[in-house]
Amino acid sequence: LLGGLAVALGLRAGCFNIGVDGQIYLGAIAATGLALSLESRPIPAVLFVCLVLLAGVAGGGFFGWLPAVLRARWGVSEIFVTVMLNFVAIYLTEYLSTGPWNDPMAGEAITRPIPVGAGLPLLVPAAGTHLGILLAIGITILMWVFLERTALGFEIGAVGDNARAARIAGVNTRRIVLFTLCASGALAGLAGAIEVAGLHNRLILGLSPGYGVVAILIAVLGKNSPWGILVAAFGMAVLLVGSDSLQRSVGLPASAALVFQAVVVLTVLALESGDRQSR
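Each residue of the sequence shown is one higher than the one before, starting from -2 at the first, in the numbering used here.
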C-alpha cells in the first residue's frame, strides 16, 4: 500500500519512481541503525517507535532526494537514477547484514534484533498483525486530502498533466519535482521501517521480495488514486496470500501468483484501451 502510494505520488507530478525497492531498503537500514544505536538508552517505547519510523522516512526521503536534485537541476531522468540506487541499497544491506551489524548466532545475512521497545505494537498477536496496517491506511486518507484539497496537491497534478502550462501559470516545477520525489521516497522508506519494526524486528537481506514492482502494478490498477490503490493493494495481498495457501494445499506453483498478477493488469489495460478507442 505504501509502495503503491509512493509510485502514484511520483506519477501525479510526471515522475516515474522505480526506486521503491531501494527506498524501502534504505528506510529499513536507517530504522535499524537508529534502533541499534539507541538500544542502551532508557527511551519510552512510544517515543522509540516514533524515532525509528521517522528514521525510515528520512532514509527513504534521502534516496528520493538524490534523483530529484539530478532531474530538477540537470534534467537527468529519474528512471535511471532510481533503478541504479536500488542496487546501491541492496548491496549496502548485504554489507551491513553480513558485516558490522550481523547477528553471529544466526549464520545468515541478518542483523542483530532491534530492542523490544522499538517494535510496533501487535493488534492481533496470533496473526502477527501490527499497527503498521492502520498507519498505512491513515496515510492513505491523508494523501487523498493532500492531493484533492490543498493548493500544493493541485500544483502537483498540474505539473503532471502539463509541466509547460503549469510553468507558464507560475508554478515552480523544480520545487514540485523535488518535493514529490522526496515525499515519494519517504513513503517507501516508511514502509521499510515498518517491515523492520513490525515484522522482522531486524534488517535482513531479502527484506523486499520485489515490492517495488508490485507497487507499480498497484499504482496502475488503482489509477494513481489513493482509494483505488487501497483497494488494489488489498486485492493483491489476497491474491498473493491465497496463491501461497494453494501452493501448500494443492501444489500450485509459486509462480502462479505472478501469472495472476499479469492477467489482472493486462485485462485492466486492455479494457482501458478499448474504452479510449470507443470514445
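For glycine and all other residues, C-beta sits at the position ideal for the given N, C-alpha and C.
In the structure shown, N83 adopts helical secondary structure according to DSSP, grouped into three states. A residue is called buried once 16 or more other Cβ atoms fall within 10 Å of its Cβ, and N159, having fewer, is exposed. H127 has L119 as its beta-bridge partners, per DSSP.
Excluding sequence positions up to five before and after R199, its CB lies within less than 8 Å of the CB of T29, D100, I107, T108, R109, P110, I111, V193, all in the same chain and listed in chain order. Within the model, the alpha-carbon separation for L44 versus I76 is close to 36 Å. Beta-bridge pairing by DSSP links N99 to T108. With a minimum length of 3 residues, there is no unbroken run of beta strand (DSSP E) contained wholly in the region 15 to 55. Bridge pairing for I201: I107 [DSSP]. In chain order, L236, L237, S240 place their CB closer than 7 Å to the CB of A254, counting only its own chain and leaving out the 5 sequence neighbours on each side. Annotation for A10: I153, V156, G157, I173, V174, T177 place their beta carbon closer than 7 Å to its own, counting only its chain and skipping 5 residues before and after. Per DSSP, reduced to three states, the secondary structure at T137 is helical.
In the three-state DSSP reduction, G167 falls in the coil class, being neither helix nor strand. By a beta-carbon distance limit of 8 Å, L187 contacts G57. Their separation comes to about 7 Å.
The beta-carbon distance between L204 and A25, rounded to whole angstroms, is 5 Å. This is short enough to meet the 8 Å contact definition. Judged by DSSP secondary structure, G0 falls within the alpha helix (DSSP H) whose first and last residues are -1 to 9. The beta carbon of V85 lies closer than 8 Å to those of G19 in the same chain, with the five residues before and after it left out. Secondary structure at S222: coil, using DSSP grouped into helix, strand and coil.
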